[in-house]
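Engineer: For the sequence shown, our numbering assigns the number 6 to the initial residue and increments by one for each residue that follows. All C-beta atoms in this analysis are idealised placements derived from N, C-alpha and C, irrespective of residue type, glycine included.
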Amino acid sequence: MISRNTVASAIALLTLGTGAVAHAHAGLPETSNVTLRRGHPEDFFVGATFGAVISRDSGQSWRWICPDAMGYGGWRPESFLWREAGDIVAATGSALLRSADNGCSWSTHPYFKATWVTGLAAHPTDDNILYAVTGRPTTPNGVYRSRNGGETWEATPLLRTGLNLNSVRVSPVDPRRVYASGDEGGKLLLFRSDDAGDTWEEMPQALPDLLRPYDLVLTAVDPARADVVWVRVSAQGYTHLMRSEDRGHTLVEVQALDDIFTNMDLSADGGTAWVGTLNSFFRGPSSGPLDKRPLPTGNACVLRTGDVLYACGSTWLHDWALARSRDEGDTWEPLFTLYQIKGPDQCPAGTPVRNICPGLWPQLADQLGAEVYPDGGVEEPPPPPPDAGSGSPDAGAGTTTPPPSKSGGCGAASGNAAPVLFLLSTLTLWRRGRRRSNR
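1) In this structure, does DSSP put His128 in helix, strand or coil?
2) In chain order, which beta strand (DSSP E) runs of at least 3 residues are fully inside the region 329-373?
3) Rounding to the nearest angstrom, what Cα-Cα distance links Val259 and Tyr243 in this structure?
4) Name the DSSP beta bridge partners of Asn169, please?
5) Go through its chain and collect everything with a Cβ distance to Lys192's Cβ below 7 Å, but skip five positions before and after it.
6) Any chance the CB of Gln345 is under 7 Å from a heavy atom of the ligand COA?
7) Write down the C-beta distance between Gly289 and Leu295 rounded to the nearest angstrom, noting that I regard them as a contact closer than 8 Å.
8) Could I get the ranges of all uninterrupted alpha helix (DSSP H) runs contained in the region 58-126, with 4 residues as the minimum, in chain order?
9) Between which residues of its own chain and Ala422 is the CB-CB distance below 6 Å, once the five residues before and five after are set aside?
10) Threshold first: 3 residues or longer. Then list the beta strand (DSSP E) segments lying entirely within the region 262-333, N to C.
11) Return yes when the Cβ of Ala316 is within less than 8 Å of the Cβ of Tyr445, no when it is not.
12) Could you tell me the alpha carbon to alpha carbon distance between Asn153 and Pro34, rounded to whole angstroms?
13) To the nearest angstrom, how far is it from the Cα of Gly202 to the Cα of Thr161?
14) Going by alpha carbons, who is nearest to Thr157 out of Asn169, Ala137 and Val233?
15) My output table needs one value for Glu207: the three-state DSSP class, helix, strand or coil.
16) Just to confirm my understanding: we take Glu89, look at its own chain, exclude 5 residues before and 5 after, and list those with CB closer than 6 Å. What are they?
17) Asn360: buried (16+ other C-beta within 10 angstroms of its C-beta) or exposed?
18) Compare the C-alpha of Asp264 against each of Asp270, Asn169, Ala240 and Arg252 and name the closest.
19) Going by DSSP in three states, Glu258 sits in which element: helix, strand or coil?
20) Using the C-alpha atoms, what's the distance from Gly364 back to Ala278?
21) To the nearest angstrom, how far is it from the Cα of Ser285 to the Cα of Leu322?
22) How would you write the range of the beta strand (DSSP E) that Val234 sits in, first residue to last?
23) With 16 other CB atoms within 10 Å as the buried threshold, where does Val51 fall?
24) Please report how far the alpha carbon of Thr255 lies from the alpha carbon of Leu216, in whole angstroms.
25) Tell whether a beta-carbon distance below 8 Å holds between Gly147 and Leu163.
26) Taking Gly32 as the reference, which of Phe55, Leu300, Phe341 and Thr113 has the closest Cα?
27) Quick check: what's the CA-CA separation for Arg298 versus Phe287?
28) Could you tell me the distance, in whole angstroms, from the CA atom of Asp4 to the CA atom of Ser112?
29) If you draw a straight line from the alpha carbon of Glu338 to that of Asp220, how long is it in whole angstroms?
30) What does a CB cutoff of less than 6 Å around Thr120 pick up in its chain, not counting 5 residues either side in sequence?
31) How many Å lie between Gly334 and Leu314 at the Cα?
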């Protein structure tokens with residue numbers, strides 16, 4: 006049976022063979038974001054490098070939605086919105102992707118066929134109000150608003166050629182306060198609306214203390230104070246996490262991260278911040294500094310819902326792909342690991358997921374170490390080992406030109422593919438060996 010030390014050696018080989026950007030999980034199947042359906046905490050939707058994984062029974066079972074059925078190609082959504090009505094919506098960086106039947110059928114919205122949808126946000130209490138931003142060069146870009154859950158859209162007054170927007174957020178405590186971020190002619194910009202998008206104030210960000218800053222992206226609005234907003238800025242090999250306490254006029258650095266930022270969330274009072282990166286997970290006071298936590302390691306993402314924290318993690322490193330914490334991230338309760346996926350989602354006949362995904366499942370199941378059965382499901386594996394939820398460091402070692410490929414990020418691979426294939430086969434054998442030994 007392959008040991009954990011062998012797995013660690015394979016990961017080390019991959020890191021050396023594919024370069025530092027690849028890190029421990031390059032090219033491997035991974036989870037990358039998580040959302041819960043509004044008003045239905047039993048429904049989970051987890052974005053992944055291989056499509057998405059969905060649960061409708063509080064995480065007791067998980068099913069696969071293949072990317073071919075979703076139709077987003079190589080431009081993977083970084084987050085999803087799951088409305089109470091059952092619609093799932095996502096900005097892919099190119100199209101606005103939408104499913105009206107809880108993930109079984111997918112389409113792109115024709116309203117945005119001439120531009121690229123780069124960000125999406127929802128009103129905190131009204132399920133019908135959504136905001137989107139666009140960022141396709143040479144076309145007019147701006148902030149758009151929907152009042153009927155994404156069925157139809159209208160442009161707000163913030164719309165012009167030369168402007169490229171990348172993110173939009175709505176204040177949880179004051180829904181009329183909307184922020185957006187982007188750039189124009191080399192200038193980094195924040196925008197704020199105090200009237201739900203009817204008027205906008207533009208706030209250029211010079212950032213003189215950073216060396217050649219670029220790519221300013223809005224990441225969060227404080228849950229308790231509408232005037233406090235968070236951004237991340239790239240500059241000379243670092244990601245600078247910054248915040249403003251004056252409605253976006255000035256930014257102060259909280260933390261410099263030598264890793265690729267995934268996402269962040271804040272406690273209900275705004276006093277604690279959690280940050281996920283390509284390789285690590287951080288927690289600390291909102292004024293900083295943030296401390297690196299022992300778990301999760303690899304492909305970390307975070308979502309806070311009430312007093313519960315959810316995080317993505319790397320199955321290949323600590324045996325779970327999604328977990329929750331009820332003590333602010335000190336310890337973790339695994340919800341599922343990749344080899345527990347039971348096969349394609351059980352959608353009605355005639356839907357894309359039902360028509361396409363079953364034929365693709367056996368190959369993915371082989372990569373994940375899942376067992377394929379005639380009914381398309383997988384054998385129920387034993388629960389992860391006791392140390393999987395520990396907080397101890399020993400717990401786990403239209404026809405338009407497509408947008409440019411994302412550099413880095415979850416699931417990005419670089420260099421020779423041979424080390425990736427070697428690692429994947431090694432880890433798959435290890436998973437199967439562990440499952441057999443625990444029967």
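Structural biologist: So, from the data block:
1) coil
2) 338-341
3) 13 Å
4) Asp188
5) Pro209
6) With respect to the ligand COA, the structure shown offers nothing to examine, as it has no ligands at all.
7) 4 Å
8) 72-75
9) Note that Ala422 scores 41 on pLDDT, short of 50, meaning its location in the model is unreliable; the coordinates nonetheless yield the value given after this. The answer is none, since no qualifying residue turns up.
10) 266-271, 277-282, 286-290, 306-310, 313-317 and 327-330
11) Here the chain has residues from 6 to 444 only, and residue 445 is not among them.
12) 35 Å
13) 6 Å
14) Ala137
15) strand
16) Arg43, Gly44 and Asp132
17) exposed
18) Ala240
19) strand
20) 42 Å
21) 12 Å
22) Val234 to Ala240
23) buried
24) 17 Å
25) yes
26) Phe55
27) 6 Å
28) Absent from the model: residue 4. The displayed extent of the chain is 6 to 444, so no value can be given.
29) 35 Å
30) Thr139, Arg141 and Thr144
31) 7 Å
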